[in-house]
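One structure is given here, and the rest of the page talks about it.
Number of protein chains: 2
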Amino acid sequence: MIQKLIEKIQKTKAPICVGLDPMLGYIPKQITEKAYAEYGETLEGAAEAVWQFNKEIVDHTFDLIPAVKPQIAMYEQFGIPGLTAYKRTVDYCRGKGLIVIGDAKRGDIGSTSAAYAAAHLGHVQVGSRSLAGFDTDFLTVNPYLGTDGVKPFVDVCQAEDKGIFVLVKTSNPSSGEFQDKTIDGRPLYELVAGKVVEWGALSMDGAYSNVGAVVGATYPEMSRILRKQMPHTYFLVPGYGAQGGTAEDLRYCFNEDGLGAIVNSSRGIIAAYKKDPYAEFGPERFGEASRQAVIDMAADIGRVL
Amino acid sequence: MIQKLIEKIQKTKAPICVGLDPMLGYIPKQITEKAYAEYGETLEGAAEAVWQFNKEIVDHTFDLIPAVKPQIAMYEQFGIPGLTAYKRTVDYCRGKGLIVIGDAKRGDIGSTSAAYAAAHLGHVQVGSRSLAGFDTDFLTVNPYLGTDGVKPFVDVCQAEDKGIFVLVKTSNPSSGEFQDKTIDGRPLYELVAGKVVEWGALSMDGAYSNVGAVVGATYPEMSRILRKQMPHTYFLVPGYGAQGGTAEDLRYCFNEDGLGAIVNSSRGIIAAYKKDPYAEFGPERFGEASRQAVIDMAADIGRVL
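Residue numbers (the numbering used here), protein chains in the order written: chain A, 29 to 333; chain B, 29 to 333.
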């Protein structure tokens with residue numbers, strides 16, 4: 029699966045992933061009002077607004093980008109209707125030829141991780157039939173429970189040509205609270221990185237592994253070290269833009285071949301119309317604003333590669 | 029919320045939680061066959077079987093126990109129909125007066141954790157209305173991202189009288205891979221425990237906090253230390269029974285007041301009819317087997333308290 033992602037990145041010349049994290053506050057009024065008129069101010073109404081918003085953004089950007097990353101929490105908050113909008117978004121994006129990275133940060137004891145892996149990447153056996161729950165291409169995974177909590181995801185990557193990104197060094201302000209703590213002279217995130225390399229060896233796909241790592245753009249010195257420690261690991265890099273990461277900060281996430289990282293932007297793309305450089309588009313043309321923001325982000329990152 | 033749980037534990041004299049983790053392999057054929065006959069070998073068919081299985085177990089045990097803990101992964105693997113069965117189970121259990129601990133191990137950056145907290149414990153604002161997605165009483169939370177990833181859950185606990193259990197020392201074989209690593213002379217799980225105590229101080233409810241900890245039954249020496257380090261923290265204790273934890277191992281999870289822990293059993297209860305001591309019930313009377321297994325588990329734990 030990582031090869032498919034690399035091919036899409038090379039074709040679009042954009043190591044970019046659009047974070048489909050539709051907070052209601054980002055959605056223009058013409059969409060929410062229409063959805064509420066049809067479904068009421070209900071979970072169904074919110075889910076319909078989310079779906080219409082996503083569709084418009086995908087329709088305006090799918091030809092420019094290799095992948096999208098819907099954050100499942102933003103759908104889960106609207107209960108079953110919200111998760112139905114998540115599934116609809118996943119299916120629509122895959123239909124448009126996009127690679128879908130489900131940002132779910134799942135992780136549990138072995139048998140439970142196996143169920144999550146089946147839910148999001150693989151299949152579940154029901155009687156004589158093998159069925160898919162959500163069927164995304166990649167999933168983000170939390171490593172706190174150790175190897176037996178991650179291995180079931182790796183097994184599904186290998187069996188079904190899918191991929192994962194394991195949290196190594198996250199982009200948020202307090203990520204250092206545990207992740208940076210020193211163990212035998214090295215920070216915990218390097219210990220996790222070492223394990224990701226081990227797990228990754230179990231599902232190689234060309235020069236890179238189907239087992240990637242989440243490495244935040246907001247800690248460039250750390251990404252430099254991790255890049256060297258994990259030469260065959262693809263990085264999913266959150267934190268660019270709204271969270272404070274700049275293109276300069278991203279330089280070290282890439283290998284010398286120009287590969288090795290895909291950079292996510294959520295708010296910066298999907299709520300671009302609310303930001304100064306794109307205000308001219310206005311809420312009515314938010315899809316076009318998102319398209320322009322993608323073009324600008326690709327150019328910004330291209331500058332440092 | 030922790031006071032409500034304590035009252036229920038005192039009333040039932042059973043510090044027990046039934047893990048509603050319905051693997052299809054646990055469900056007797058008369059239930060799956062009926063469900064597949066009605067809905068086909070589909071996600072809907074599997075979800076119907078899960079729901080009918082849960083309902084029978086809850087109907088046979090609700091008067092003996094304070095709480096249930098559905099593991100959401102076991103539902104998520106069946107996609108939207110599975111999650112609909114999860115919600116139905118949560119609502120049914122709450123209707124029966126049970127406290128519901130959603131075992132979801134969510135955790136992310138701040139804004140995303142806020143969405144998960146709204147999804148499972150709180151409410152989401154849709155236009156002028158405040159709506160609940162899943163509305164469980166407690167949720168399990170993963171701490172790998174640090175304070176800003178946990179705080180949104182604590183805020184909802186405090187605002188809406190709900191509770192969380194934060195992963196401290198998990199019950200699985202490789203939990204020590206990261207959790208036991210030494211930082212400044214103490215294992216990571218003690219560092220996490222210290223933070224749980226800090227977070228817990230922000231939402232006290234009587235002598236205990238609404239912010240609890242997950243502490244596996246399979247590591248009794250560690251639970252002894254954690255019990256002392258966290259006197260006002262309730263423990264959710266997985267790993268009893270099928271995973272190998274014994275009643276003796278649980279002794280140290282409790283405070284001298286006999287409170288401080290609630291012990292989960294999943295397979296040992298819901299698939300009791302498959303085990304030797306309960307084989308006489310057979311698949312037809314699996315609900316009665318589960319009831320007897322609950323009675324025996326309460327007696328087993330009562331012995332060491």
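For every residue, glycine included, the Cβ atom is placed at its ideal position computed from N, Cα and C.
Minimum Cβ-Cβ distance from B:Gln257 to chain A less than 8 Å: Taking Cβ atoms only, chain A never reaches closer than 8 Å to B:Gln257, which makes this a no.
Nearest residue (CA-CA) to B:Ala241, options B:Gly272, B:Phe206, B:Lys197: Of all alpha-carbon atoms in B:Gly272, B:Phe206, B:Lys197, the one lying nearest the alpha-carbon of B:Ala241 is that of B:Lys197.
Secondary structure of B:Asn292, DSSP reduced to three states: Looking at B:Asn292 - three-state DSSP - the assignment turns out to be strand.
Backbone CA spacing between A:Leu159 and B:Ala132 [nearest angstrom]: Note on geometry: alpha-carbon atoms of A:Leu159 and B:Ala132 lie some 22 Å from one another.
Min CB distance B:Asp136 to chain A below 8 Å: Chain A has a Cβ within less than 8 Å of the Cβ of B:Asp136.
Beta-bridge partners of A:Gln153, as assigned by DSSP: A:Ser158.
Local Cβ density within 10 Å of A:Ile323, reported as buried at 16 or more and exposed below that: It counts as exposed.
DSSP beta-bridge partners of B:Pro215: For B:Pro215, which the question treats as bridged, DSSP gives the partners B:Thr210.
Any chain A beta carbon closer than 8 Å to B:Phe81: With 8 Å as the cut-off, B:Phe81 does not count as an interface residue toward chain A.
Opening and closing residue of the alpha helix (DSSP H) in which B:Gly315 lies: Segment 314 to 332, the alpha helix (DSSP H) holding B:Gly315.
CB contact flag (B:Asn82, B:Pro50, <8 Å): In this structure, B:Pro50 lies closer than 8 Å to B:Asn82 by Cβ.
Beta-bridge partners of A:Gln99, as assigned by DSSP: According to DSSP, A:Gln99 bridges with A:Asp131.
Residues near B:Ser318 by beta carbon distance below 7 Å, same chain, minus five either side: Taken in chain order, the residues that qualify are Ile85, His88, Thr89, Ile297, Ile298, Ala300.
Contacts of B:Gln105 in chain A (Cβ-Cβ under 7 Å): Those are Ala143, Ala146, Ala147, Val152, Gly161, listed as they occur along chain A.
Residue-chain proximity (A:Leu167, chain B), Cβ-Cβ < 8 Å: Using a Cβ-Cβ cut-off of 8 Å, A:Leu167 does not count as an interface residue toward chain B, since no Cβ of chain B sits closer than that to its own.
Candidates A:Leu52, A:Phe309, A:Tyr247, of which the one nearest B:Ala143 by Cα: Looking at the Cα atoms, A:Leu52 is the closest of the given residues.
Any 3 or more C-beta pairs closer than 8 Å across the region 121 to 131 of chain A and the region 91 to 105 of chain A: Touching, yes, given that three or more Cβ pairs across the two stretches are closer than 8 Å.
Continuous alpha helix (DSSP H) assignments of at least 4 residues falling wholly in the region 249 to 278 of chain B: Taking only runs of at least 4 residues, the alpha helix (DSSP H) segments lying wholly in the region 249 to 278 of chain B are 275 to 278.
Rounded straight-line distance, which links the Cα of A:Val220 to that of A:Gly269: Looking at the two C-alpha atoms, the distance is approximately 26 Å.
7 Å CB neighbourhood of B:Gly315 in its chain, flanking five on each side removed: Glu84, Ile85, Asp87, His88.
A:Gln186 versus A:Gly110 - alpha carbon distance: Going from the Cα of A:Gln186 to the Cα of A:Gly110 covers about 30 Å.
Neighbour-count burial assignment, A:Pro215, 16 or more Cβ in a 10 Å radius: Buried is the call here.
Anticipated Cβ contact below 8 Å, B:Gly1 with A:Tyr67, distance rounded: The requested residue 1 of chain B is not part of the displayed model; chain B covers only 29 to 333.
B:Cys241: contacting residues in chain A (beta-carbon distance under 8 Å): One detail in the question is off: residue 241 of chain B reads as Ala in this sequence, not Cys. By Cβ distance, chain A contributes nothing, its closest Cβ being about 13 Å from B:Ala241, past 8 Å.
Contact with chain A by B:Lys303, beta-carbon distance below 8 Å: Output row for B:Lys303: interface = no.
Three-way DSSP call (helix, strand, coil) for B:Lys83 in this model: Helix at B:Lys83.
Cβ-Cβ distance between B:Gly161 and A:Gln105 below 8 Å: The criterion of a C-beta distance shorter than 8 Å is satisfied by B:Gly161 and A:Gln105.
Inter-residue Cα distance where the pair is A:Ile108 and A:Asp212: Cα-Cα distance, rounded: 45 Å.
Bridge partners - A:Ala241, DSSP secondary structure assignment: Its beta-bridge partners are A:Val194, A:Phe263.
Nonlocal neighbours in the same chain, by C-beta distance under 6 Å from B:Gly73, ignoring five residues either side: Cβ neighbours of B:Gly73 beyond the five flanking positions: Ala63, Tyr64, Tyr67.
Any chain B beta carbon closer than 8 Å to A:Asp233: Cβ-Cβ to chain B under 8 Å: no for A:Asp233.
Coil, strand or helix - B:Thr70 by DSSP: In this structure, B:Thr70 counts as coil in the three-state DSSP scheme.
Whole-angstrom distance between A:Gly135 and B:Ala113, CA atom to CA atom: If you take the alpha carbons of B:Ala113 and A:Gly135, they lie about 21 Å apart.
With 16 other Cβ atoms within 10 Å as the buried cut-off, status of B:Glu35: B:Glu35 should be labelled exposed.
Spatial distance of B:Tyr306 from B:Arg313 (CA atoms): Approximately 10 Å, taken between the alpha carbons.
Reduced DSSP secondary structure (H/G/I, E/B, other) of B:Thr117: B:Thr117 falls in the helix class under three-state DSSP.
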